[in-house]
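Structure first, commentary second.
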Amino acid sequence: MYSLTQSQSVTLRNFLGRTFSWMTAGLVMTAITAFFAASNEGLFTFVRSNYLMLVLLQLGVVFGLGFMINRISGATAGILFSGYAVLTGLTLSGIFFRYAGSDITAAFVTAAGMFGTMAVIGYTTKMDLSRFGTILFMGVIGLIIASIANIWIGGSALSMVISVIGVILFCALTAYDMQKLKEMALSGGEGITQTDMGEKLAVFGALTLYLDFINIFLFLLRLFGGGRSND
Numbered sequence: 005m006y007s008l009t010q011s012q013s014v015t016l017r018n019f020l021g022r023t024f025s026w027m028t029a030g031l032v033m034t035a036i037t038a039f040f041a042a043s044n045e046g047l048f049t050f051v052r053s054n055y056l057m058l059v060l061l062q063l064g065v066v067f068g069l070g071f072m073i074n075r076i077s078g079a080t081a082g083i084l085f086s087g088y089a090v091l092t093g094l095t096l097s098g099i100f101f102r103y104a105g106s107d108i109t110a111a112f113v114t115a116a117g118m119f120g121t122m123a124v125i126g127y128t129t130k131m132d133l134s135r136f137g138t139i140l141f142m143g144v145i146g147l148i149i150a151s152i153a154n155i156w157i158g159g160s161a162l163s164m165v166i167s168v169i170g171v172i173l174f175c176a177l178t179a180y181d182m183q184k185l186k187e188m189a190l191s192g193g194e195g196i197t198q199t200d201m202g203e204k205l206a207v208f209g210a211l212t213l214y215l216d217f218i219n220i221f222l223f224l225l226r227l228f229g230g231g232r233s234n235d
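First residue of the sequence shown: 5, per the numbering used here; consecutive thereafter.
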């Protein structure tokens, strides 16, 4: 990697500031929505009855945002990201019934620590992490296939293995994505944060890191929960 000029440092700081502001806002919206849905019997019943529809809507929003990022405004990208965060909160509301509060708290704190550590590594490392992109992508595909297969197999040992691999994989993705965002900001040139494209890239970067964090949290929760629930 290379040393940054003062103007590059300012550009990078502003861009990542916007990115993490959006990510934090998304996590807050998700947490509030999940807690509210779990506390409201009528809303939680709606979520349970329409869970598949909500998941499909989630997928539609996240893929739509990815494919249309160059054709929509920064404001529209922000609205779509906010909508995705709310939908995620709805679909995650069931964790308050499946896991103890202490497990949720422990998983969140640990996820925050892991995510922060890997983000710093991705930002500061001199190693080019782009070479691992294909490997990480194939790892995610394999993880999805294994998770689907485990629905029918239902083995606790396999679930533990999948969760451990999931944590490792998304920690690696956090470092990879962080370095990619850093390079994206620098290639955009000075003043990128004052442009609509810069805002869209900040929102898309926030979505990427948000997904990394949520997955780390969920896989850790399965490990910490160990099958325990509040039922």
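Backbone N, C-alpha and C define an ideal beta-carbon position, used for all residues, glycine too.
Between A210 and S106, what straight-line distance do the alpha-carbon atoms span, to the nearest angstrom?
-> Their Cα atoms are separated by approximately 27 Å.
In the DSSP assignment, find the alpha helix (DSSP H) that holds N154 and state where it starts and stops.
-> That run of the alpha helix (DSSP H) goes G137 to I157.
Verify whether the separation of the beta carbon atoms of L94 and T37 is less than 8 Å.
-> It is a contact, given that the beta carbons lie within the stated cut-off.
Can you tell me which of Y88, W156, A179 and F141 puts its alpha carbon nearest to the alpha carbon of F208?
-> When only C-alpha atoms are compared, the closest one is Y88.
Can you tell me the Cα-Cα spacing of E203 and L96, whole angstroms?
-> About 28 Å.
Please name the residue in N219, R226 and L63 whose C-alpha comes closest to that of A161.
-> Taking A161 as reference, the option from N219, R226 and L63 with the minimal CA-CA separation is R226.
Determine the extent of the alpha helix (DSSP H) in which M122 is found, giving its start and end residues.
-> Run containing M122: G105 to T128, per the alpha helix (DSSP H) assignment.
Is the region 120-134 touching the region 172-182, taking contact as three or more C-beta pairs under 8 Å?
-> Between the region 120-134 and the region 172-182 there are three or more inter-stretch CB-CB distances shorter than 8 Å, so the stretches are counted as touching.
Would you check if there are 3 or more beta carbon pairs closer than 8 Å linking the region 53-67 to the region 135-143?
-> At 8 Å Cβ cutoff, the stretches do not touch.
Taking buried to mean at least 16 other C-beta atoms within 10 Å of its own C-beta, is W26 buried or exposed?
-> Buried: at least 16 other Cβ atoms inside 10 Å.
Let me know the secondary structure DSSP gives S77 once reduced to three states.
-> Assignment of S77 by DSSP, reduced to helix, strand and coil, places it in the coil class.
Taking L2 as the reference, which of T23, S13 and Q12 has the closest Cα?
-> Past the edges of the chain, shown from 5 to 235, lies residue 2, and the structure says nothing about it.
Just curious, the alpha helix (DSSP H) that N18 is in, first and last residue?
-> Counting along the chain, N18 sits inside the alpha helix (DSSP H) bounded by residues Q10 to S43.
Please list, in chain order, all residues of the same chain as L91 whose beta carbon is under 7 Å from its beta carbon, the five residues on each side excluded.
-> So the list reads L58, L61, Q62 and V65, once near-sequence residues are dropped.
Excluding the 5 residues preceding and the 5 following D235 in the sequence, name in chain order all residues of the same chain whose CB lies nearer than 6 Å to its CB.
-> For D235, the pLDDT reaches just 40, beneath the cut-off of 50, and the residue's location in the model is therefore unreliable, leaving the point undetermined.
Among G82, T9 and A42, which residue has its Cα nearest to the Cα of M201?
-> When the alpha-carbon of M201 is set against those of G82, T9 and A42, the nearest one is in G82.
Report all residues from its chain with a CB closer than 7 Å to the CB of A111; omit the five preceding and five following residues, and keep chain order.
-> Excluding residues within five positions, the ones whose Cβ falls inside 7 Å are F221, L224, L225 and F228.
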